[in-house]
Amino acid sequence: MAIDTDQRLALAMTIPGAPVWRLSLEQYHRMIQTGILTDDDPVEFLDGLLVTKMPKNPPHSLATHLTRDALAQVVPAQWYVDAQEPFTTHDSEPESDVLVIRGERRQYHDRHPQAQDVALVVEVADTTLQRDRTLKKRMYARAMIPVYWIINLVERKIEWYAQPFAAEGEADYAQRQEVAEDGTIPVVLDGVEVACLPVRDLLP
């Protein structure tokens with residue numbers, strides 16, 4: 003079976019060019035608890051690997067703040083919006099640019115939110131666009147995150163993904179749409195559309 007360009011890129015993201023040692027989530031947490039890793043270390047724990055976080059330029063930071071603020075104004079009381087904070091899956095602890103979480107902040111005083119607590123994940127993408135379309139999309143689908151947005155700063159649009167599935171070692175989203183700068187994007191929590199946001203309000 004022929005492998006298309008996107009599949010080749012995804013494979014390259016999956017298999018490093020040199021031998022690596024995969025960590026368990028418990029080992030990763032122990033590295034934090036013992037001070038081996040600190041808040042100053044620019045890494046994320048993705049798919050059992052420590053992956054370098056890319057530096058953020060001003061448009062990326064602005065889009066993150068605009069999106070967080072816009073979502074905070076429309077999510078119902080039983081949800082809250084966070085930015086660049088971790089949540090936990092069985093083999094990853096991504097620090098997504100923006101996420102909508104069930105409940106209130108205080109209930110997570112002794113743990114990070116779990117994947118089942120998260121209704122929407124947003125990644126702002128410029129230099130990270132390929133990683134967000136491959137490694138992170140696959141990871142979020144495997145964790146059954148219901149809705150995933152990529153705010154694509156390169157092409158000034160939002161890529162919207164829904165209906166995650168995982169089968170035979172593969173994970174992806176069954177639905178995908180692209181919403182242009184002059185369009186609107188629905189905010190869907192637990193299968194209910196709670197608002198609709200103009201895309202241009204989320205772009206720098």
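Counting from 3, one number per residue, gives the positions in the sequence shown under the numbering used here. Think of the CB as a built atom: it goes at the ideal place given N, C-alpha and C, for glycine as much as any other residue.
What does a CB cutoff of less than 6 angstroms around residue i pick up in its chain, not counting 5 residues either side in sequence?
i      : result
Ala74  : Val83
Gly185 : Val201
Tyr150 : Val123, Tyr142, Tyr163
Thr69  : Val100, Val124, Leu204
Ala145 : Thr91, Ala117
Asp119 : Ile103, Arg104
Quick one: Cα of residue i to Cα of residue j, how far?
i      : j      : result
Phe89  : Ala182 : 29 angstroms
Leu25  : Arg108 : 29 angstroms
Asn59  : Ala127 : 11 angstroms
Ala121 : Ile152 : 15 angstroms
Gln116 : Arg140 : 17 angstroms
Thr40  : Arg32  : 11 angstroms
Ile187 : His62  : 19 angstroms
Val194 : Ile38  : 42 angstroms
Asp8   : Gln165 : Reliability of the predicted coordinates at Asp8 is poor, the pLDDT of 47 falling under 50, and the value obtained from them is presented with this limitation in mind. About 20 angstroms.
Leu27  : Arg178 : 30 angstroms
Ile34  : Ala85  : 20 angstroms
His223 : Glu180 : As displayed, the chain neither begins before 3 nor continues past 206, which places residue 223 out of reach and without an answer.
Asp134 : His67  : 18 angstroms
Val77  : Glu106 : 12 angstroms
Glu170 : Asp192 : 26 angstroms
Asp71  : Asp42  : 25 angstroms
Does residue i have its Cβ less than 8 angstroms from a Cβ in chain B?
i     : result
Leu48 : Structure shown: chain B not included; a single protein chain is present.
Examine the ligand GTP and report whether any of its heavy atoms sits within less than 7 angstroms of the Cβ of residue i.
i      : result
Leu191 : As far as ligands go, the structure on display features none, and thus does not contain the ligand GTP.
Tell me which same chain residues have a C-beta within less than 7 angstroms of the C-beta of residue i, skipping the five on either side of it?
i      : result
Thr130 : Met56
Pro44  : Thr54, Lys55
Ala65  : Val126, Ile153, Leu155, Leu204, Leu205, Pro206
Tyr30  : Phe47, Glu95
Ala79  : none
Thr36  : none
Looking only at its chain, what residues have a beta carbon closer than 8 angstroms to the beta carbon of residue i, apart from the 5 residues adjacent to it on each side?
i      : result
Phe167 : Ala143, Ala173, Asp174, Tyr175, Ala176
Considering Cα atoms alone, identify which of the options is closest to residue i.
i      : options                       : result
Leu137 : His114, Asp93, Gln116, Tyr110 : Asp93
Asp49  : Glu97, His111, Leu68          : Glu97
Ile147 : Trp162, Asn154, Arg133        : Trp162
Trp81  : Val190, Glu28, Asp112, Pro206 : Val190
Glu87  : Ala79, His114, Asp119, Asp134 : His114
Leu51  : Trp23, Thr36, Asp42           : Trp23
* Asked: Does the region 190-200 come close enough to the region 46-64 that 3 or more CB-CB pairs lie under 8 angstroms?
  -> Taking 8 angstroms as the limit for Cβ pairs, the verdict is that the region 190-200 does not touch the region 46-64.
* At least 3 beta-carbon pairs within less than 8 angstroms: the region 156-174 vs the region 95-110 -> Counting Cβ pairs under 8 angstroms, fewer than three are found: no touch.
* Can you give, in chain order, each stretch of the alpha helix (DSSP H) that sits fully within the region 85-142 and has at least 4 residues? -> With a minimum length of 4 residues, the unbroken runs of alpha helix (DSSP H) contained wholly in the region 85-142 fall at 131-135.
* At what residue ranges does the region 37-78 contain a whole run of the beta strand (DSSP E), taking only runs of 3 or more? -> Inside the region 37-78, DSSP marks whole beta strand (DSSP E) runs of 3 or more residues at positions 45-48, 51-54, from first to last along the chain.
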